[in-house]
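Input: a single structure, listed below in structure tokens.
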Amino acid sequence: MARSEHHSGDTIPVLYEDNHVLAVVKPVNVPTQEDATGDPDLLTLLKADLKDRHHKPGNVFLGLVHRLDRPVGGAMIFAKTSKGASRLSESVRSHALEKEYAAVIHGHPARSEGMLRHYLLKDTRTNNVSSVPSGTAGAKEAVLEYRVIAQSDKHSLVHVKLHTGRSHQIRVQMKEIGCPLYGDQKYGTSLNKPGQQLALWSMIAGAPHPTMREPMRFISLPPRQYPWDQWETEIYERAASSSRP
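If you want it as structure tokens, here you go:
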């Protein structure tokens with residue numbers, strides 16, 4: 002199931018909503034949930050909007066079942082009931098949550114498609130993630146598939162499918178093959194300028210519906226601005242409708 006978007010409040014496009022599920026387009030640079038900055042976060046904004054639109058008394062339930070890094074925009078799925086949250090969380094644990102991204106990377110990978118497997122270790126003090134040898138204490142396996150779907154002189158547009166959901170996974174794994182993401186101030190400092198927006202977008206989010214069990218697949222295409230606008234919209238549409246990364 003997929004639906005055209007309408008807007009929640011003033012800022013957040015809604016892709017789909019029923020009694021158990023809310024799918025939205027997360028704006029860039031909005032934290033998914035409250036963090037140390039105290040900036041408005043998506044979870045709080047959506048709860049306030051649900052309370053207002055549905056005239057709900059008291060606290061509104063909204064379950065966070067997956068996350069996107071603050072600079073990343075695109076499709077996200079939330080649960081509106083505890084049953085929905087439980088079943089969607091089970092989809093995450095069983096890898097039934099579909100997560101596919103568009104990313105603009107520097108350069109051209111040696112292989113136009115492939116599977117990347119690294120072991121990532123997060124330094125919680127600095128919020129930095131590094132690739133380390135297998136067997137390193139605390140390291141977690143990270144696996145993704147990628148496919149180059151377009152190129153310009155300096156950049157490649159890649160379609161990425163996550164098999165694991167590690168922190169900063171796409172950003173670190175692409176850096177490891179010599180192609181850091183456009184605008185990545187953390188993992189591509191030598192190639193990016195301060196102020197550039199990270200070019201990573203949650204293009205597809207999907208899972209079995211928590212009560213009806215039918216497949217849900219929500220699509221959001223990146224904004225028509227640089228570096229995304231180096232390629233025609235049709236390229237993104239073809240990638241989003243494809244069953245492979």
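Residue numbers (the numbering used here): 2 to 246. Idealized CB from N, CA, C, for every residue including glycine.
K81 (DSSP reduced to helix, strand or coil): Indexing the sequence shown from 1 puts residue 81 at position 80. When secondary structure is reduced to three states using DSSP, K81 falls in the coil class, being assigned neither helix nor strand.
Option in L46, Y120, G59 and Q152 with minimal Cα separation from A1: The chain is shown only over 2 to 246; residue 1 falls outside these bounds and no answer can be derived.
Segments of 3+ residues assigned as beta strand (DSSP E) that fall wholly inside the stretch 92 to 169: As far as the stretch 92 to 169 is concerned, its whole beta strand (DSSP E) runs of at least 3 residues are 99 to 107, 114 to 124, 129 to 133, 141 to 152 and 156 to 163.
Cα-Cα separation between P181 and Y188, rounded to whole angstroms: Position 180 of the sequence shown holds residue 181. Position 187 of the sequence shown holds residue 188. Roughly 7 angstroms separates the two Cα atoms.
Paired residues, beta bridge with G74 - DSSP: In the sequence shown, residue 74 corresponds to position 73, counting from 1. Paired residue(s): W202.
Through-space distance from R112 to K48, alpha-carbon basis: Residue mapping note: residue 48 aligns to position 47 of the sequence shown, counting from 1. Residue mapping note: residue 112 aligns to position 111 of the sequence shown, counting from 1. For K48 and R112, the distance between alpha carbons rounds to 44 angstroms.
For L16, three-class secondary structure by DSSP: Residue mapping note: residue 16 aligns to position 15 of the sequence shown, counting from 1. Residue state, collapsed to three classes: strand.
Run of the alpha helix (DSSP H) containing R245, from where it starts to where it stops: Here the question's residue 245 lines up with position 244 in the sequence shown. No residue range can be given for R245, since it is assigned to no alpha helix (DSSP H) and is classified by DSSP as neither H nor E.
Identity of the residue in R68, T33 and K194 nearest L163 by Cα: As a working note, residue 163 is residue 162 in the sequence shown. Ranking the options by Cα distance to L163, first place goes to R68.
Alpha carbon of E91 to alpha carbon of D154, nearest angstrom: The residue labelled residue 91 in the question sits at position 90 within the sequence shown. The residue labelled residue 154 in the question sits at position 153 within the sequence shown. Distance between the alpha carbons of E91 and D154 is about 43 angstroms.
7 angstroms CB neighbourhood of K123 in its chain, flanking five on each side removed: Locating residue 123 in the sequence shown gives position 122, where the first residue counts as 1. Hits under 7 angstroms: V130 and S168.
Endpoints, beta strand (DSSP E) assigned at L23: Looking up residue 23 in the sequence shown gives position 22. Annotation: the continuous beta strand (DSSP E) that includes L23 extends over V22 to K27.
Close beta carbons around L199, own chain, < 7 angstroms, minus the five adjacent residues each side: Taking the sequence shown and counting its residues from 1, the one referred to as residue 199 is at position 198. By the criterion of a C-beta distance shorter than 7 angstroms, L199 is surrounded in its chain by P72, V73, L182, G184 and D185, once the five residues flanking it on both sides are discounted.
Endpoints, alpha helix (DSSP H) assigned at R218: The sequence position of residue 218 within the sequence shown is 217, counting from 1. For R218, there is no enclosing alpha helix (DSSP H); the residue is part of the beta strand (DSSP E) that begins and ends at P216 to I220.
Exposure of A138, with buried meaning 16 or more beta-carbon neighbours within 10 Å: Stepping through the sequence shown from its first residue, residue 138 is reached at position 137. A138 counts as exposed, since fewer than 16 other C-beta atoms from the protein chains shown sit within 10 angstroms of its C-beta.
Extent of the continuous alpha helix (DSSP H) to which D40 belongs: Stepping through the sequence shown from its first residue, residue 40 is reached at position 39. Neither: D40 is in no alpha helix (DSSP H) and is coded neither H nor E.
Local Cβ density within 10 Å of A37, reported as buried at 16 or more and exposed below that: Looking up residue 37 in the sequence shown gives position 36. Under this definition A37 is an exposed residue.
Neighbourhood of Y237 by C-beta distance below 6 angstroms, restricted to the same chain and skipping five residues each side: Working through the sequence shown from its first residue, we reach residue 237 at position 236. Residues of the same chain with a CB within less than 6 angstroms of the CB of Y237, apart from the 5 flanking positions on each side, are L222 in chain order.
Which of helix, strand or coil DSSP assigns to L63: Looking up residue 63 in the sequence shown gives position 62. In this structure, L63 counts as coil in the three-state DSSP scheme.
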